[in-house]
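Those sequence lines, one after another, are chains F and B.
If you count by full-length UniProt numbering, then the first sequence holds residues 1 to 205, one letter each, in order.
If you count by full-length UniProt numbering, then the second sequence holds residues 1 to 205, one letter each, in order.
In this text, a Cβ means the ideal position worked out from N, Cα and C, and glycines have one as well.
Accompanying notes for the structure given below.
There are 2 protein chains.
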Amino acid sequence: MPRRTQAERSEATTTALSAAAHALFGRAGYPATSLDAVAAEAGVTKGALYHHFSSKRDLFEAAFIREQERITARLEEVAAGHPDVWQALHQGIRVFLEHCLDASFRRIVLLDAPHVLGWEAVREIEYAHVLRVLRAGLEAARAEGRLATTDVTVSAHMLFGALCEAGMLLARHPSPSEALPTLVREAERLLSALKPDAVGPSLDG
Amino acid sequence: MPRRTQAERSEATTTALSAAAHALFGRAGYPATSLDAVAAEAGVTKGALYHHFSSKRDLFEAAFIREQERITARLEEVAAGHPDVWQALHQGIRVFLEHCLDASFRRIVLLDAPHVLGWEAVREIEYAHVLRVLRAGLEAARAEGRLATTDVTVSAHMLFGALCEAGMLLARHPSPSEALPTLVREAERLLSALKPDAVGPSLDG
DNA sequence: ACACTTGCATACCCTGGGTATGGAAACAAG
DNA sequence: CTTGTTTCCATACCCAGGGTATGCAAGTGT
């Protein structure tokens with residue numbers, strides 16, 4: 001590699017490290033992934049790693065953000081393709097659940113992130129990605145007067161929690177393609193609770 | 001301590017270790033808790049620890065089960081005190097959310113367990129505790145013809161996921177006591193989606 | 001051409017999970 | 001009450017792996 005500028009070198013190793021970290025964290029999980037292994041996979045040494053990332057946690061955060069951007073891009077695509085708010089939400093649910101079949105996503109986002117980054121940090125980052133899209137969807141429905149929820153943020157969070165659990169359930173199922181319709185149906189049932197004509201949380205029979 | 005039988009000694013140190021582990025894991029979290037610290041807190045050494053527990057993970061599992069038993073006992077109490085199925089479920093939601101204000105519970109059950117034990121193991125254990133109670137509640141409602149869900153297991157899981165997220169939200173709120181009513185309301189809204197007269201997951205407007 | 005900064009490799013430190021060994025106390029058998 | 005055996009646990013150690021310190025070569029501003 002003759003005559004590369006500093007910025008080029010820097011960017012090359014950074015992305016190589018980020019990609020290697022993403023691959024290894026997603027395959028083996030956080031604790032089973034050593035920094036030496038990441039550096040080796042990226043073709044550099046730990047010295048380079050610590051020059052660009054301050055800690056293992058920092059490196060993991062990069063991988064986490066990478067995953068967030070992937071799923072967010074998919075969801076925004078879906079949202080853009082469906083002018084009707086509820087249809088967009090329904091399709092978004094399906095796409096999210098299908099996305100949970102990806103082992104790296106589950107490992108990094110659902111299993112390791114809360115523990116490694118802490119709930120606060122995860123929430124912060126997700127607010128700029130997945131939760132932003134979900135919130136936007138609910139907000140749009142509310143603007144059209146088609147949402148009964150008082151607190152959109154809370155609803156988005158709870159719905160997201162339910163979807164994550166459903167995603168794990170789906171992935172663990174012996175035949176995910178068979179289980180998917182049921183999961184989607186039940187998820188949509190929960191979503192429908194937010195519609196204005198739902199029975200609501202009254203304490204009747 | 002003059003003349004103690006083997007079983008007594010064994011049981012004493014085991015419970016001491018278990019209690020110490022529970023305390024430290026709950027306060028500092030899994031990675032920040034060293035086995036030396038646990039042993040010291042229990043008044044023994046690592047030798048004793050490894051004689052009774054096979055690994056750090058094993059020790060954590062004991063702490064996790066301890067937490068499961070605590071919340072499960074509370075919920076069964078609630079269930080027993082409310083003859084009406086839906087009222088029991090409503091009260092159960094409130095009690096669970098309030099229980100999330102306990103930092104040890106959040107740390108051990110919500111944050112660390114999935115990562116340390118793996119989702120499968122957590123699910124297995126929760127099936128014998130929290131999820132068993134929730135499932136029983138939903139099953140009871142179904143037996144009375146007051147539940148629309150086709151798959152009770154799936155509904156229980158998703159509801160549980162939503163409640164955990166709500167619990168984290170509650171705990172992080174600057175004034176949990178103020179936030180609690182909203183959280184409970186929204187949780188009940190989701191729960192009401194399972195009632196037979198809810199609008200359902202149809203693809204209407 | 002010069003000092004100076006950036007990018008990274010090598011070598012090292014040290015916490016902490018896990019193991020191996022040995023001894024003391026309790027139990028079983030004669 | 002011995003004597004062999006097992007249970008319980010402390011001491012000492014191993015080593016993987018996250019993080020740090022140092023040094024050097026390749027780029028960079030003047």
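What residues from the segment 143 to 163 of chain F come within 9 Å of chain B, judged by C-beta to C-beta, listed N to C?
Arg146, Ala148, Thr149, Thr150, Asp151, Thr153, Val154, Ser155, His157, Met158, Leu159, Phe160, Gly161, Ala162, Leu163
Using a cut-off of 9 Å between C-beta atoms, extract the partners of Ile104(F) located in chain B.
The residue given as residue 104(F) occupies position 104 in the first sequence. Here residue 104(F) turns out to be Ser, not Ile, going by the sequence shown. Chain B residues near Ser104(F): none, gap ~15 Å exceeds 9 Å.
Whose CA, out of Val85(F), Arg66(F), Gly92(F), Thr150(F), lies closest to the CA of residue 207(F)?
Residue coverage of chain F in this structure runs from 1 to 205, which leaves residue 207(F) outside it and unanswerable.
Complete alpha helix (DSSP H) runs within the segment 75 to 142 of chain F (minimum length 4 residues, chain order):
85 to 99, 113 to 117, 119 to 127
Compute the minimum distance between the beta carbon of Pro174(B) and the heavy atoms of the ligand ADP, and state whether it is under 7 Å.
As presented, the structure is devoid of all ligands, the ligand ADP included, so that no description of it is given.
Alpha-carbon spacing of Thr15(B) relative to Ala48(B), whole angstroms
Numbered from 1 along the second sequence, position 15 holds the residue referred to as residue 15(B). Numbered from 1 along the second sequence, position 48 holds the residue referred to as residue 48(B). Thr15(B) and Ala48(B): Cα-Cα distance of roughly 12 Å.
Could you check which residue in Gly26(B), Thr150(B), Glu165(B), His129(B) has the C-alpha nearest to that of Glu98(B)?
Position 98 of the second sequence, counting from 1, holds the residue named residue 98(B). Ranking Gly26(B), Thr150(B), Glu165(B), His129(B) by Cα distance to Glu98(B) puts Glu165(B) first.
Indicate whether Leu194(F) and Arg189(B) have their beta-carbon atoms separated by less than 8 Å.
Residue mapping note: residue 194(F) aligns to position 194 of the first sequence, counting from 1. Residue mapping note: residue 189(B) aligns to position 189 of the second sequence, counting from 1. For Leu194(F) and Arg189(B), yes; Cβs fall inside 8 Å.
Looking at C-beta atoms only, is the number of pairs between the segment 99 to 116 of chain F and the segment 111 to 121 of chain B that lie closer than 8 Å three or more?
yes
By how many angstroms is the C-alpha of Arg57(F) removed from the C-alpha of Leu203(B)?
In the second sequence, residue 203(B) corresponds to position 203, counting from 1. In the first sequence, residue 57(F) corresponds to position 57, counting from 1. Caution is warranted here: a pLDDT of 44 is assigned to Leu203(B), below 50, making its placement in the model unreliable, and the coordinate value is therefore given only provisionally. If I take the Cα positions, the gap works out to 43 Å.
Name the two residues that bound the continuous alpha helix (DSSP H) containing Tyr50(F).
Position 50 of the first sequence holds residue 50(F). Taken as a continuous stretch (DSSP letters only), the alpha helix (DSSP H) holding Tyr50(F) covers 46 to 52.
Within chain F, partners of Pro114(B) - CB distance below 7 Å
Looking up residue 114(B) in the second sequence gives position 114. Within chain F, the residues near Pro114(B) are Leu111.
Reduced DSSP category for Ser192(B) - H, G, I as helix; E, B as strand; rest coil:
Your numbering for residue 192(B) matches position 192 in the second sequence. Residue state, collapsed to three classes: helix.
Classification of Gly81(F) by the beta-carbon crowding that lies within 10 angstroms, buried from 16 upward
Start at 1 with the first residue of the first sequence, and residue 81(F) comes out as number 81. That one is exposed.
Report buried or exposed for Gly205(F), applying the criterion of at least 16 other Cβ atoms within 10 angstroms of its Cβ.
In the first sequence, residue 205(F) corresponds to position 205, counting from 1. Reliability fails at Gly205(F), whose pLDDT of 35 lies under 50, so the model's placement of it is uncertain and no value is given.
Alpha helix (DSSP H) segment containing Ser155(B), residue limits:
For the purposes of this step, residue 155(B) is identified with residue 155 of the second sequence, where counting begins at 1. Taken as a continuous stretch (DSSP letters only), the alpha helix (DSSP H) holding Ser155(B) covers 152 to 172.
Taking only beta-carbon positions, decide if Glu186(B) is within less than 8 Å of chain F.
The residue you call residue 186(B) lines up with position 186 of the second sequence. Yes, because at least one Cβ of chain F sits closer than 8 Å to the Cβ of Glu186(B).
Short of 9 Å Cβ to Cβ, which residues in the UniProt domain "HTH tetR-type" (11 to 71) of chain F face chain B?
Gly29, Tyr30, Pro31
Would Thr13(B) and Val44(B) qualify as a contact pair, given that the criterion is a beta-carbon distance under 8 Å?
Sequence index remark: in the second sequence, residue 13(B) carries index 13 (1-based). Sequence index remark: in the second sequence, residue 44(B) carries index 44 (1-based). In this structure, Val44(B) lies closer than 8 Å to Thr13(B) by Cβ.
If you follow the alpha helix (DSSP H) that Arg145(B) is in, where does it begin and where does it stop?
On the second sequence, residue 145(B) is found 145 positions in, with the first residue counted as 1. In the sequence as presented, Arg is not what sits at residue 145(B); that position holds Gly. Run containing Gly145(B): none; DSSP gives neither H nor E here.
Could you give the C-beta distance for Leu134(F) and Ala148(F), rounded to a whole number, given that I count them as a contact under 8 Å?
Residue mapping note: residue 134(F) aligns to position 134 of the first sequence, counting from 1. Residue mapping note: residue 148(F) aligns to position 148 of the first sequence, counting from 1. That belief does not hold up - the Cβ atoms of Leu134(F) and Ala148(F) are roughly 17 Å apart, past 8 Å.
By DSSP, does Asp197(B) sit in helix, in strand, or in coil?
For this step, residue 197(B) is matched to residue 197 along the second sequence. Note: Asp197(B) maps to coil in three-state DSSP.
Cβ-Cβ distance between Ala171(F) and Ala187(F) below 8 Å:
If you number the first sequence from 1, residue 171(F) lands on position 171. If you number the first sequence from 1, residue 187(F) lands on position 187. Cβ distance not < 8 Å, so Ala171(F) and Ala187(F) don't count as in contact.
Inter-residue CB distance, Val152(B) and Leu138(B) (contact presumed, cutoff 8 Å):
Counting from 1 along the second sequence, the entry for residue 152(B) is found at position 152. Counting from 1 along the second sequence, the entry for residue 138(B) is found at position 138. About 5 Å; that satisfies the 8 Å criterion.
Outcome for Ser18(B) when other beta-carbon atoms lying within 10 angstroms are tallied against a minimum of 16
Within the second sequence, residue 18(B) is the residue found at index 18, counting from 1. By the 10 Å Cβ count, Ser18(B) comes out buried.
Counting contacts by CB-CB distance shorter than 8 Å, is Glu178(F) in contact with chain B?
Position 178 of the first sequence, counting from 1, holds the residue named residue 178(F). It does not: the Cβ of Glu178(F) has no partner Cβ on chain B nearer than 8 Å.
At least one CB of chain B closer than 8 Å to the CB of Glu165(F): is that the case?
On the first sequence, residue 165(F) is found 165 positions in, with the first residue counted as 1. Yes, Glu165(F) counts as interfacial toward chain B.
What three-state label does DSSP hand Ala23(F) in the structure shown?
To locate residue 23(F), count along the first sequence from 1; it is residue 23. If DSSP states are grouped into helix, strand and coil, Ala23(F) belongs with the helices.
Alpha carbon to alpha carbon, how far is Val85(B) from Arg70(B)?
Here residue 85(B) is taken as the residue at index 85 of the second sequence, counted from 1. Here residue 70(B) is taken as the residue at index 70 of the second sequence, counted from 1. Approximately 22 Å between the Cα atoms of the pair.
Let me know the secondary structure DSSP gives Pro176(F) once reduced to three states.
Position 176 of the first sequence, counting from 1, holds the residue named residue 176(F). Helix.
Who are the near neighbours of Arg142(B) in its chain, counting only those whose CB is closer than 8 Å to its CB and skipping five residues on each side?
As a position in the second sequence, residue 142(B) is number 142, starting the count at 1. Around Arg142(B): Thr149, Val152.
Quick check on the DSSP output: the alpha helix (DSSP H) that includes Ala32(F) runs from which residue to which?
The residue you call residue 32(F) lines up with position 32 of the first sequence. Note, Ala32(F): premise wrong, no alpha helix (DSSP H); not H, not E.
Leaving out the 5 sequence neighbours to the left and right, which residues in its chain are closer than 6 Å to Ser54(F) when beta-carbon positions are compared?
Mapped onto the first sequence, residue 54(F) falls at position 54. Excluding sequence neighbours, Ser54(F) sits near nothing in its chain.
Please confirm whether Leu89(B) and Leu183(B) have their CB atoms less than 8 Å apart.
Sequence index remark: in the second sequence, residue 89(B) carries index 89 (1-based). Sequence index remark: in the second sequence, residue 183(B) carries index 183 (1-based). No, Cβ-Cβ distance for Leu89(B) and Leu183(B) is not below 8 Å.
Chain F contact for Leu183(B) (CB, 8 Å cutoff)
By one-based count along the second sequence, residue 183(B) stands at place 183. Yes, contact with chain F.
Taking buried to mean at least 16 other C-beta atoms within 10 Å of its own C-beta, is Ala63(F) buried or exposed?
Residue 63(F) sits at position 63 when you count from the first residue of the first sequence. The residue in question, Ala63(F), is buried, as its Cβ has 16 or more Cβ neighbours within 10 Å.
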